[in-house]
Structures are given as C-alpha cells and as structure tokens.
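Residue numbers (the numbering used here), protein chains in the order written: chain Z, 1 to 243; chain V, 244 to 486.
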DNA sequence: CCAAAAGTGTTAACAGTACACCCATGC
DNA sequence: GCATGGGTGTACTGTTAACACTTTTGG
C-alpha cells in the first residue's frame, strides 16, 4: 500500500472495466518475541496519506487481466514479507486471518485489504531488515502500539490479528513453535506463552503440559543443555518433532 | 458472481485504472439444521461458466471511485443474504471467515472472493426463498455436496467454512445459539452439536454441560414444556440469555 | 553459604466418560 | 403394560491449579 508495484505501467489509465473495482492489498502483522515481550514490525510512512505515521507493512496484490491472472494472496503475502524482512517465507508461519474493506479506510480510494499473520522465530530476528534503517522500520512492543496512532485502520487490523493468535495458541501448539528458536528450554516456551497470552503460568503446571507433549512425541529432547550467564542450573534443550 | 450488480452501467469500459484490478465478490456459506442434518444453501447457475452446476450464493461487492466508496464487506454479505433467502441479517449469525484469491479460480478473470458464514436458526427456515423455485435453490445436506461437483472453487470454500465452524463450536456456544430456535430443549441443542460436529454425544454428559450453562447464566429457563407427537415425556424449554 | 534458576511432588477441585437407572407420556 | 423419549446418579479417569519442595549452578 505504501509503495507502487514493481512493474512499470505502460501508460496511465490503461486498464478499463465496466464497473468500478477496488484495489486489493495485503497487510502484514509480523510478530516476534524480543526478550520476553511480544513485538510487531511497523514501518514509518514516507508518503502521504498519513506521512510520518507508523503503519503495518503491506502492498498490492499483483493482478493481471490475461494469462495467469497474477499471484495468489499467499504469494503476495510471502513476497511482501521478503521485501520487508529478508526472511524466507518457509521459515515463517504465514496465515491469512481476515479481510478488511470498510469504505473510507483509505482516503485515496476503495481499498480492500487481506490481513496476514506472520510469526518470526526468535533466532531468525537477526536476519530482519528492520534494524537496517531504524527510522523506517521498528519492532514495537504491542503494548506500546496504542500510543503510536497507527495509519489507516491498522490498529484495528493488529487487534484482530492478536485476538486470532491468542485463540489459536490455546488450540494449536504450532503457533508457539513458530515463535521459539529451533532449540529451546521449557522456560523459553513458557515465556512465549506468557508473552502471547499476556498472563503468567505456574512453572510446575506448565512443565507437566510440556512433559505430556514429550510423551506424545510433539516435542523431542534436543542435544545437551543451555546455561544462562550468571547463577542457576543449566536447562535441557528441546525441539518440535516436525522440524 | 452469478449475477450483475443492480445499477445499470453507463457504458462499457467506463472505469479505468493505472494498474489491473481484481473483481471482489462475497461468497456465502449459508447453513441450517434441517431435521437432524446440517444443510447448505446452493444455487443452480443459469449462466456460463459452469452453467447448470450448483454453486454457493454470492455477488459483487459494490464499489465506487468517488464519494462514499460503496458498501462494506459485511454490508455486501448482508445484502446477498437478503436477496437469496429473504431473511433479516439481524436474525442470522453472519461472519467473515476467509478470503479466496487463487489465480484461475474464475475463468472470466481475476476474482477475489470474501467467504462469509451464515447460520440460520431452524425456526426461520420457512422464511427462506430457497423453496420458491426448487430448480434454482436448494438446501443440500453437507454430506451430499461432494457428489454435486460445485462450480468454481466452492467445494474448497465450503470445506473451509465447515472447519471454521466446527473449531468455533467448541469455543463459543454462540455458534450453536445461531442454529437453534429461540426456545429449544436440551435434546434439540444436543442434536445441533451432533449435526455440526458429525459425532454423537452421551445424553447424560451433554446435560451436565447444559446444566453448567444454566448455572453461569448462559442459558435460562424458558416457559413451560414442549411435547413431541407420539409417546415420550415433554421436555423443558430454554433460551439463550442474551436474546 | 547464598541467590537464582531448573525441576519434582502433593493435594484438592473440576471436567469428561461410560453406564445404569428412574420418570412422564401416548397408545 | 410397554415402548419412547426426558432426565438423574454414580464411579472412574484425566486435567488443572495452587503451593511446597529439592537440585544444580555461579559467585
């Protein structure tokens, strides 16, 4: 949305239809755990409208009126993710969660946006481009987003994404698997759950759930242990079985 | 999708853009319990492509390039529902569940469709237009849909809607509330769960869940009892509290 | 030894399952 | 009476929740 498509247009007003059509974009809610905190990737807009405001990354879905008809929605989301973060889409949990099409949500014209949730494993954060230009992209704690006054209806899109993720975290552990590094400790997985759900879990009770996941093969023992700097007993490492 | 918009175009090729744009539609998965069976509303297509095949009801999202920019996605879904069933949207659970945009899904051109789930209470089924013209609209048991070879990617859309509904039924009882009449018996609610989940539940154990919902106020006692024709003890009536 | 972090054990309450049984009604 | 459907009770199991406790490490 904040940028033109890559293909150079062959002239103004080249594409005509019998009825008005909306522009269709994907908006990305890219989440990661930084420290013990859930953060979302925001881009500072360099163009009007909402110039200088923070916004979710996103862009137009490539469409064609002949031949292959363009790219799929999933492909558009994967492409945008790669442009904004330099992450490989196969390393990231990427899933559509909802479409947003309220008239007036973009002052330039009718725009319908498909919202995508992207969960980045903590150990791949270094590959993110967000650090390259701190003025243009930033990992913002989700708790601080309210103060930012996001552009367009992006606050609403983020809220919907968070709700979707929290609901699914309780159903599928796979969501949490997308946010932890390949190898992780019991405490690290617990902190992911705490960061996402926004509440704390009893260590002993969480470990019991963890041990059950080991019993049914969801989680397998990894190699050796990981010691934190400072005192404290080193923790065993684990990984998800399907990785 | 199967019909043109109501407004008469003011000439061919009147609406021009710098980049190609997709058409955007809503496709409706309208579900109801008929007897003890989950059924979906299907429309027989009178126009090519897929002429004569069964399809989900749906249509274009009204868009405008100036002024109010047209209608919201929810409004488009409510309008389509009214056109197809004569039901009031406020009586029907109506919720977006996913967008479908695979290139090639419509041979006429690039079409992105927003899937909507509509749950019709059993006592309002008489208001449906589906019976008016049996050749054009039909409540088809979801178990029989596979044999029908639906038009476009509508089989995929239906499968996604069913999965979404089954997941949510376990989380929110509200889904079931949208399928039962205003007043219902314990057995009726249980049969809704059985029809949606595709499995049977133990009467006694289901009643315990039911009684818990009475305890926390989700369900309240209704007036009197309902007797079925034939033998058997009449059953107490209940209703959901927020109705 | 002490603080910090990992990890275990104990108990009670709660929810799910399978199953047997009693109640009200029409025929 | 008896078949039919509504409704209750019991015993067993597994899960969750709260909390106390032990073990391993660095300083």
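We treat Cβ as the ideally placed atom computed from N, Cα and C, and that holds for glycine.
Check your understanding: Listing by chain order, which chain V residues have their CB less than 8 Å from the CB of residue 167 (chain Z)?
Key -> Those are 414, listed as they occur along chain V.
Exercise for review: Spell out a yes or no on whether the stretch 218 to 236 of chain Z and the stretch 260 to 272 of chain V are touching, meaning 3 or more CB-CB pairs, one atom from each, closer than 8 Å.
Suggested key: No: the two stretches stay apart, fewer than three of their Cβ pairs being nearer than 8 Å.
Check your understanding: residue 258 (chain V) versus chain Z: which residues are under 8 Å apart at the beta carbon?
Key -> Those within 8 Å of residue 258 (chain V) in chain Z are 16, 17, 18, 19, 20 and 21.
Exercise for review: Assuming residue 57 (chain Z) contacts residue 80 (chain Z) (C-beta within less than 8 Å), just tell me the rounded distance between them.
Suggested key: About 6 Å separates the two Cβ atoms, so the contact holds.
Point to revise | Contact set for residue 207 (chain Z): own chain, Cβ-Cβ below 7 Å, skip 5 residues either direction | key: Once the five neighbours on either side are set aside, the close Cβ partners of residue 207 (chain Z) are 186.
Practice item. Just grab the DSSP bridge partners of residue 101 (chain Z) for me. Key: BP columns for residue 101 (chain Z) are empty, so no partner.
Practice item. Compare the C-beta of residue 164 (chain Z) against all C-beta atoms of chain V and say whether one is closer than 8 Å. Key: With 8 Å as the cut-off, residue 164 (chain Z) does not count as an interface residue toward chain V.
Check your understanding: Does the beta carbon of residue 68 (chain Z) come closer than 8 Å to any beta carbon on chain V?
Key -> Interface residue, yes.
Check your understanding: beta strand (DSSP E) containing residue 285 (chain V): first to last residue?
Key -> Per DSSP, the unbroken beta strand (DSSP E) holding residue 285 (chain V) starts and ends at 280 to 287.
Exercise for review: Name the residue from Z:152, Z:136, Z:30 and Z:99 whose alpha carbon lies nearest to the alpha carbon of residue 142 (chain Z).
Suggested key: Nearest to residue 142 (chain Z) by alpha-carbon distance, out of Z:152, Z:136, Z:30 and Z:99, is Z:30.
Practice item. Could you spell out the range, first to last residue, of the alpha helix (DSSP H) harbouring residue 447 (chain V)? Key: Counting along the chain, the alpha helix (DSSP H) containing residue 447 (chain V) begins and ends at 446 to 458.
**Study point:** Where the stretch 307 to 336 of chain V meets chain Z: residues whose CB sits under 8 Å from a CB there
**Key:** Those would be 307, 308, 311, 312, 313, 314, 315 and 316, in chain order.
Exercise for review: Measuring only between beta-carbons, confirm whether residue 214 (chain Z) sits less than 8 Å from chain V.
Suggested key: Answer no: the Cβ-Cβ gap between residue 214 (chain Z) and chain V never drops below 8 Å.
Review point. Does the beta carbon of residue 96 (chain Z) sit closer than 8 Å to a beta carbon anywhere in chain V?
Key: Output row for residue 96 (chain Z): interface = yes.
Review point. Should residue 272 (chain V) be flagged as near chain Z, meaning a C-beta pair shorter than 8 Å?
Key: No, because no Cβ of chain Z sits closer than 8 Å to the Cβ of residue 272 (chain V).
Point to revise | Contacts around residue 286 (chain V), its chain only, beta-carbon distance under 6 Å, and the 5 residues preceding and following it disregarded | key: Closer than 6 Å at the Cβ level, and outside the excluded window around residue 286 (chain V), lie 298, 300 and 380.
Exercise for review: For residue 355 (chain V), write down the residues that DSSP places opposite it in a beta bridge.
Suggested key: The partner list for residue 355 (chain V) (beta bridge, DSSP) reads V:267.
Practice item. Could you name the residues that DSSP lists as bridge partners for residue 235 (chain Z)? Key: Z:226.
Point to revise | Segment limits, alpha helix (DSSP H) that includes residue 380 (chain V) | key: Counting along the chain, no alpha helix (DSSP H) covers residue 380 (chain V); the unbroken beta strand (DSSP E) around it starts and ends at 380 to 384.
Review point. When Cβ atoms are compared, which residues of the stretch 195 to 226 of chain Z fall closer than 9 Å to chain V?
Key: Listed in chain order, the positions of the stretch 195 to 226 of chain Z with a beta carbon within less than 9 Å of a beta carbon of chain V would be empty, since no residue qualifies.
Review point. Shorter than 8 Å from the beta carbon of residue 291 (chain V) to some beta carbon of chain Z?
Key: Under the Cβ criterion of 8 Å, residue 291 (chain V) is not counted among the residues facing chain Z.
Review point. Between V:311, V:310, V:331 and V:312, which lies nearest to residue 320 (chain V) when the distance is taken from Cα to Cα?
Key: Among V:311, V:310, V:331 and V:312, the Cα nearest to that of residue 320 (chain V) is on V:331.
Check your understanding: Between residue 166 (chain Z) and residue 145 (chain Z), which are expected to be in contact by the criterion C-beta below 8 Å, what is the C-beta distance as a whole number of angstroms?
Key -> About 15 Å; that fails the 8 Å criterion.
Review point. Which term fits residue 84 (chain Z), buried or exposed, when burial requires 16 or more other beta carbons within 10 angstroms of its beta carbon?
Key: Buried, by the Cβ-count rule.
Check your understanding: Can you tell me where the beta strand (DSSP E) with residue 461 (chain V) in it begins and where it stops?
Key -> Residue 461 (chain V) -> no beta strand (DSSP E), and no H or E assigned at all.
Check your understanding: Taking only beta-carbon atoms, is residue 58 (chain Z) less than 8 Å away from chain V?
Key -> Residue 58 (chain Z) does not count as touching chain V.
Practice item. Could you please give me the residues that DSSP links to residue 363 (chain V) through a beta bridge? Key: In the DSSP output, where bridge partners are listed per residue, residue 363 (chain V) has V:275.
Exercise for review: State yes or no: is the C-beta of residue 91 (chain Z) within less than 8 Å of the C-beta of residue 119 (chain Z)?
Suggested key: In terms of Cβ geometry, residue 91 (chain Z) and residue 119 (chain Z) do not form a close pair [threshold 8 Å].
Review point. By how many angstroms is the C-alpha of residue 179 (chain Z) removed from the C-alpha of residue 193 (chain Z)?
Key: One C-alpha to the other measures close to 10 Å.
Review point. So is residue 104 (chain Z) in contact with chain V if we call contact Cβ pairs under 8 Å?
Key: So yes, residue 104 (chain Z) belongs to the interface.
Check your understanding: Do you know offhand how far residue 474 (chain V)'s Cα is from residue 404 (chain V)'s?
Key -> Straight-line spacing of the CA atoms in residue 474 (chain V) and residue 404 (chain V) works out to 38 Å.
Exercise for review: Spatial neighbours of residue 249 (chain V) within its chain, please: CB distance less than 7 Å, with the 5 preceding and 5 following residues excluded, ordered by chain position.
Suggested key: Per-residue confidence for residue 249 (chain V) stands at a pLDDT of 44, beneath the threshold of 50, marking its modelled position as unreliable; no derived number is given.
Review point. Residue range of the beta strand (DSSP E) that residue 16 (chain Z) falls in?
Key: 15 to 17 is the span of the beta strand (DSSP E), which, as asked, contains residue 16 (chain Z).
Point to revise | Sequence-distant residues of its chain with Cβ nearer than 6 Å to residue 101 (chain Z) (five each side left out) | key: Within the same chain, residue 101 (chain Z) has close Cβ partners 112.
Point to revise | For residue 330 (chain V), three-class secondary structure by DSSP | key: In the three-state reduction of the DSSP assignment, residue 330 (chain V) falls in the coil class.
Exercise for review: Note down the Cα distance separating residue 476 (chain V) from residue 445 (chain V), rounded to an integer number of angstroms.
Suggested key: Pairing residue 476 (chain V) with residue 445 (chain V), the inter-Cα distance amounts to about 19 Å.
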